[in-house]
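> Under this note's numbering, think of the first position of the sequence shown as 53, with each following residue one higher.
Below is a structure I'd like to ask you about.
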Amino acid sequence: MHNPLVLLSAALVSALLREGFTIFVRQSYPAGESPSDAHIKEVLLITPYKDIGAANAHFQHIRFDRRKYIYQSFHPEEVEKLYTAASQPTGYKIYVALIAGDKQTPDAQLAPVVRQYISRHTQWPPEKTNATLCLHYGDLYISLRYQHEELKVPLPAIES
53 MHNPLVLLSA
63 ALVSALLREG
73 FTIFVRQSYP
83 AGESPSDAHI
93 KEVLLITPYK
103 DIGAANAHFQ
113 HIRFDRRKYI
123 YQSFHPEEVE
133 KLYTAASQPT
143 GYKIYVALIA
153 GDKQTPDAQL
163 APVVRQYISR
173 HTQWPPEKTN
183 ATLCLHYGDL
193 YISLRYQHEE
203 LKVPLPAIES
């Protein structure tokens, strides 16, 4: 599966805190698993929020995820846990819900699959349809735009 997300780092945690992000939602992230990660026992995703309402909505959306957790930056011990996660502890791979700048559009491997999806499921001309990657509650989507219309399709639906 295509994974355009960025690994969490201490520098990134510091930058997010400086930018006013105060709540961080953690969840399982199976899309981040790779066949070459034999030593990785768990892949997680952390999504930063400035608004507690949005963070709570995300948390409710993943209510059945056994690895869900909310870090609140006004508790020093929670900030320390974020920095521990950012150190990429042995056996874990921890991503942040940010799409790398150069990966916001489908790459050479994904682009033909997206064009094929557009041809099969819409009346839009694939060459005139704008496709970008986006995230919602930890799930990757392809946002397809043509003229004044938009369609958000879960990435696994396009890749299958």
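Beta carbons: idealized from backbone N, C-alpha and C, even for Gly.
None of these values were measured; they are calculated from a predicted model.
Would you tell me roughly how many angstroms separate the C-alpha atoms of ALA83 and PRO128, rounded to the nearest one?
Cα to Cα, ALA83 sits roughly 30 angstroms from PRO128.
> Name the DSSP bridge partner or partners of ARG197?
According to the DSSP secondary-structure assignment, ARG197 is paired through a beta bridge with ASN182, GLU202.
> DSSP state of LYS155, grouped into three classes?
helix
> Flag this pair as touching only if the region 119-133 and the region 175-191 have three or more C-beta atom pairs under 8 angstroms; answer yes or no.
no
> Taking DSSP's pairing of strands, which residues face ILE122 in a bridge?
VAL77
> Output yes or no for whether 8 angstroms exceeds the beta carbon distance between TYR144 and LEU59.
no
> In whole angstroms, give me the CA-to-CA distance for LEU203 and LEU196.
Spanning the two alpha carbons is a distance of roughly 5 angstroms.
> From ARG172 to GLN199, what distance separates their C-alpha atoms?
18 angstroms
> Short of 7 angstroms in beta carbon distance, which residues of its chain neighbour TYR81, apart from the five on each side in sequence? Order them along the chain.
VAL95, LEU96, LEU97, TYR147, GLY190
> Mind checking which residues open and close the alpha helix (DSSP H) that includes LEU134?
Looking at the DSSP string, the run of the alpha helix (DSSP H) that includes LEU134 is 128-138.
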